[in-house]
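Participant:
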Amino acid sequence: MKCYYPGVKLFDHIETKYDIPKLTRKNENHKRVYYDDNNNRYESVTNVVGHEDNDSLTQWRESVGYDVADYISRRAMNLGTKMHDMIERYLYNKINIEPNLFANAHFNNIKTLLNNINNISGLEIRVCSKKLGLAGTADCIAEYDGIPSIIDFKTSSKKKKEEWILKYFLQTTAYSIMWEELTGQKIEQIVVLITAEDGSLEAHIKNREDYRTELNDTIERFNNKQNLMMNNE
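Quick note: the sequence shown uses my numbering, first residue -15, plus one each step.
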């Protein structure tokens, strides 16, 4: 259903008839996990691809102080959520009103890239893979510049080097594999759109096959670490 009003690009949505499992998100031992209706448990893809950042994150929290770190983390999370909500409303062709000035700034910055999206199959859709043992929420499954893509939206304080955001490519690669496993539709293009507070704007367009091996290696390292921790308890 489209909401027509002046000044808004209208996006087409594709009705999908895939039988996507209903996933429930839970917190276990202070980390996010997912369960399907058959009580199969999945690790959060975000936690898995980012687990090797924990040491540097701990060092950062100690250097700035835990109270400051918590404030910065909450602010970033809140800002990211508001911007994602604005993007979702825009892609659903709905009127977009958001009082948060920073969220508006990020949205207006990324809007030109959003206009490359069309023929949307899903927004904020929970997907999983029994083969990978992972689940998560894909921001957007749609065409980007006319090519079927898994699309992720990110906020940042400044422009990032590609080597800093490997986990974003691993995350979208995982979503692509999950989607293919659930639907049979192979989507090889992954897209990461980043808007930063310094006004920079990035569109990283990649092929998932370039990251499949690294994703599998990361999952293996995560599982080995979890097994080691369990054996030491």
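All residues carry an ideal CB built from backbone N, CA and C; glycine is no exception.
Pick helix, strand or coil for Q155, following the three-state DSSP scheme.
Facilitator: helix
Participant: Cutting at 7 Å between CB atoms, please list the residues of its own chain near T202, excluding the five before and the five after it.
Facilitator: V32, V33, L154
Participant: Tell me which residue opens and which closes the alpha helix (DSSP H) that I94 is part of.
Facilitator: 85 to 98
Participant: Pop quiz: S140 and A180 are said to be a contact at Cβ under 8 Å. What is the actual Cβ separation, rounded to whole angstroms?
Facilitator: Contact check for S140 and A180: beta-carbon distance about 4 Å, within the 8 Å limit, so the pair qualifies.
Participant: With a cut-off of 8 Å on the beta carbons, I'd call A119 and Y18 a contact; round off their distance for me.
Facilitator: 4 Å
Participant: Cβ of I178 within 7 Å of Cβ of K209?
Facilitator: no
Participant: Confirm, please, whether the CB-CB distance from D(-4) to N99 is below 7 Å.
Facilitator: Contact check for N99 against D(-4) fails: the beta carbons are separated by 7 Å or more.
Participant: Pick out whichever of K144, G117, I135, R25 has its Cα sitting closest to the Cα of E72.
Facilitator: I135
Participant: Rounded to whole angstroms, what is the Cα-Cα separation between K170 and S160?
Facilitator: 7 Å
Participant: Would A122 and I104 be called neighbours here (beta carbons separated by less than 7 Å)?
Facilitator: No.
Participant: Do you know whose CA, among M70, W163, E146, S113, lies nearest S133's CA?
Facilitator: W163
Participant: For H(-3), name the three-state secondary structure that DSSP assigns.
Facilitator: strand
Participant: Can you tell me where the beta strand (DSSP E) with N191 in it begins and where it stops?
Facilitator: 185 to 191
Participant: N24 lies in the alpha helix (DSSP H); which residues open and close that run?
Facilitator: Element bounds for N24: n/a, residue is neither H nor E.
Participant: Is it buried or exposed for Y(-11), if we count other Cβ within 10 angstroms and need 16 for buried?
Facilitator: Here Y(-11) scores only 46 on pLDDT, less than 50, and its place in the model should not be relied on; the value that follows carries that caveat. With fewer than 16 other CB atoms across the displayed protein chains lying within 10 angstroms of its CB, Y(-11) is exposed.
Participant: Starting from N31, trace the alpha helix (DSSP H) in both directions and tell me its first and last residue.
Facilitator: From DSSP, the alpha helix (DSSP H) with N31 extends over 29 to 33.
Participant: Tell me whether S221 is buried or exposed, calling it buried when 16 or more other Cβ atoms sit within 10 Å of its Cβ.
Facilitator: There is simply no residue 221 to check, as the chain begins at -15 and stops at 217 in what is shown.
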